[in-house]
Structure formats: structure tokens, C-alpha cells
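Notes follow once the structure below has been shown.
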Ligand SMILES: CC(C)(COP(=O)(O)OP(=O)(O)OC[C@H]1O[C@@H](n2cnc3c(N)ncnc32)[C@H](O)[C@@H]1OP(=O)(O)O)[C@@H](O)C(=O)NCCC(=O)NCCS
């Protein structure tokens, strides 16, 4: 690929908000065995190394289903499956452990590559494995004895996070260790989901063949709520063996268990994980918990939520008092940030008729949600809205938040700089400072 220097710089700059956003976050990557043998493994490993260099804390949980199949089939052994789980008789265990172990070694060796002409050159990935998974026998289900197929009892979350804090990549195999000293073959998807929830991971990332989820009408999903994901799983149950189905099921379980976001990306697409995390449009499908925060235009039914948010600030004199009637009349000027049906932020934009000025007002974030860059996002949203309305200058009046607005690119000015009709409304007793900012339309403004 021939990339010009300019487009490279453009790409790098526009990725930087995502680099900041993901640095220090924990991601559990679920890597199915079938992709570990595939020719595109090198790309996957290189990309994971880039994520680690960019400060993500990574846990990789690998599968080994195809490697186990190969070892067993070489001896003409057919495994029995029930409820998507392999039955593991004692006589198969050694072969299974051999296949799992070889897969793990293959990955460890891939992470150790560092040839001068490879993307891994100079990366010095430290990969650590261990007995993080405590398991017990699945027992007898529907009359079938699963023998050495195990169920996860607990995860050594402390051990994993200590290794992550020490800049290691943690590699976990689908094997569980029991208190009786036995080893159990466990589902790698179970391991990934249980580890992700136990260590409070920020993300679960899973690989499939095709990347973005598409429904029967070929509609591609860039994002899915947990509810949409559940519906999709129920509707597509007939394709159960498909790796998209398994990945989506794991994503659903992880988000349901508290992981904020899960992503499905294609193992075949070169750089899919980098596109997914560091570009605006991503490459796969992101599943998010329903508590995902949204920014949207306010509706009349939001008035009570806005009042609850701004009333304490009005009482403190930080915001100008607004009656319910005024809010109802001006509701179209408001943008709100919503989480779990609660209004946690608001901001208003009043375009001044027959001018190219628009006033920003009533910017407020619920005290429990302050300090997370939310007001900045609301402001970015207002700027885009102002641009669509044809405004070229934003202005605002503030008594106690001057520095915050300066940090957002506003410049202090005099009342005289405002359109005459707005000057007439200026409250000289309140002595608010006046700030303006040119509206810059950035096509690639980032929604984090
Ligand atoms: C100002 C406000 C909207 C910022 O919301 P937020 O989502 O916490 O903002 P961000 O996360 O983008 O920024 C937080 C940073 O702004 C700083 N900040 C908050 N209020 C500030 C103020 N009045 N003056 C200067 N800086 C302020 C915080 O200390 C924090 O700094 P840090 O990142 O160095 O720790 C929020 O504090 C608020 O609702 N304040 C009360 C209402 C208000 O003053 N509105 C403006 C009048 S129009």
C-alpha cells in the first residue's frame, strides 16, 4: 500500500483521540484456534503488538478446537459433543492437553518474533501464562458424563491484573486447574467471558470470519445494543456452528456481565482491530451495554430531567434561572446527554436571528459524571449543530466557568462584540464575562 506522507499524518492526528481514549484500558481478546494456524495470524499478532505499544492492557484467551480435532482425527478418534461442549474422556485428555499446549507455544513464539523487517521489531512483548482458571467437572448433564470437561469455578483476577500492571500480555489457555490437582478442558469462550468480567475489562474483542454482523436483509450493524444482540441471537439460532454466532454469544454474555463494550471483527481483514479501535468508522460490530450514553436533541418530556440537573446550579447562581415554561418553550434549543433514562448533561444553543452568531448556554453535567470529558463532547455536538444552522461564531456569558471555556478554545471579548440586540439584554449586575469562538467544522470530529 502506498500512503502519502500527508495522508499518513492526517490519519495519525485523527487517531490520537482514540489512542488517548484506549490507553490504560483493559481488553480481553478472544482468539479462536482456527485463526491461530491461518496465514493471517502474523497480521493479527502484529496488530496486537501495536495495541500493547499504544498502552492497552491485554489478555489473550486462545481456543484450540481445530488443533484438538486434528490431533484426535490423526488417531481416528471422533469426539462427542453435547450442548456445544466436547465430552472429554480420560483417554483423550493427554492428546487434548498436547494440542492446547502446542497452540499456546505457537502463540508465545509468534509474540517473540522481532526480525528487523517485521512490525514486531523492537516491540519486546512479554507474554505470561499461568494457572489463572480454577475449574471443577461439568458432571453429568442430560445423562451424559462430561468427564474431564470442566466448568470455571473462579478466576485469579488479582494475579492477572498484577501482570497487566507490570506491562505483560497475559495469555490464557482453555484449561482449568482443580483443587484436587486435575486438569480440565474448558470452553475458551467461557474463559474469555469469565476473565473479562472478573478483571472488570473495558472491552472484549472477538474474531470471526466475516467481520461486521449482517441480518437476513443484509443490513450491516456498526453498533448493537445488548437488546438487539439478544434478538439477533434468538433469530439466528439455526446457524449455531457459525463462529459469528459464538462470538456474538460471548459478546452478549460479557456485556450482560458488566463489560462496557464488546467488538466482533474479522480475522481475515488485515488491520481490522486497529481500524475498529482507532478510526471513527471502525471495521466490525460493537455491542454495548444499554447504559451507553447518548447525546440527542431534547424532547418536551426531558424538561423535568433538565430541571433536576440545573436547579441546584441556579440556586448557587452558576446558571441563570429558567422557569419550567421557559424551558418548555425553548426545549428545541437544548441538547441532552442521557444514560439509563437519566439526563446527566445538557447544553443549549440559541441562534440569533439574522446574524451568524449563536449563543451557548446552560452547559451542565451531573456532579457524579463530571471530569469525564462529557461537557467537551456536548460542546462539540453544539458546534456541529451551530455549523449546520449556518452560524460562524459561538458566544457565551459566564460568571464562574471562564477557565473551562478558555480550555475549550473560547476567547474573552467585550460585550460590544456581540450583536446589538444581544447587548441590549446583557445584565450588567451579573457582570458575566463574554467569550466567543469561531465555529470550525471538522469533518472527522471524533465521537468517543
Ligand atoms: C463545567 C462543567 C460543565 C464541566 O463538565 P465536565 O464534563 O466535568 O467537563 P470535562 O470533563 O470536559 O472537564 C473537566 C475539567 O474541567 C475543570 N472544571 C470544571 N469546572 C470548572 C470551572 N468552573 N472552571 C475551570 N475548570 C473547571 C475540572 O476541574 C476538570 O479539570 P481536570 O480535567 O484538569 O481535572 C461541569 O463542571 C458543570 O456542570 N459545572 C457547573 C455548571 C457550569 O458551570 N456551567 C457552565 C456555565 S454555562
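Numbering (the working numbering), first residue to last: 976 to 1423. Where a beta carbon is used, it is the ideal one built from N, C-alpha and C, also for glycine.
Straight across, the Cα-Cα distance linking residue 1023 with residue 1000 is about 14 Å. Classified as buried, residue 1322 has 16 or more neighbouring CB atoms from the shown chains inside 10 Å of its CB. Linking residue 1154 to residue 1044 through their CA atoms gives a straight-line distance of about 28 Å. Every beta strand (DSSP E) stretch that sits fully inside the region 1255-1283 and reaches 3 residues is listed by chain position as 1260-1263, 1269-1272. A Cβ-Cβ contact shorter than 8 Å links residue 1362 with residue 1414. Boundaries of the beta strand (DSSP E) around residue 1326: 1317-1326. Secondary structure of residue 1363 (DSSP, three-state): helix. Residue 1389 sits exposed, since fewer than 16 C-beta atoms from the chains shown fall within 10 Å of its C-beta. When beta bridges are read from the DSSP output, residue 1169 appears opposite no residue. Here the alpha carbon of residue 1053 sits roughly 10 Å from the alpha carbon of residue 1061. The alpha-carbon of residue 1200 is positioned some 40 Å away from that of residue 1067. With a contact defined as Cβ atoms closer than 8 Å, residue 1149 and residue 1074 miss out at about 10 Å.
For residue 1112, the enclosing beta strand (DSSP E) stretches over residues 1108-1112. From the listed residues 1113, 1021, 1122, the smallest Cα separation to residue 1064 is found for 1122. Under the DSSP definition of a beta bridge, residue 1032 partners with 1001.
Rounded to the nearest angstrom, the gap between the Cα atoms of residue 1324 and residue 1337 is 9 Å.
Nearest neighbour of residue 1192 by Cα position, chosen from 1210, 1146, 1084, 989, turns out to be 1210.
For residue 1125, the uninterrupted beta strand (DSSP E) run begins and ends at 1125-1130, by DSSP. As a beta-bridge residue in DSSP terms, residue 1336 pairs with 1323. In this structure, 1203 is the residue among 1335, 1203, 1219, 1010 with its C-alpha nearest to the C-alpha of residue 1263. Contact check between the region 1303-1318 and the region 1267-1281: three or more CB pairs, one atom from each, fall below 8 Å, which counts as touching. Distance from the CA atom of residue 1185 to the CA atom of residue 1135, rounded to whole angstroms, is 31 Å.
A distance below 8 Å separates the beta carbons of residue 1181 and residue 1222.
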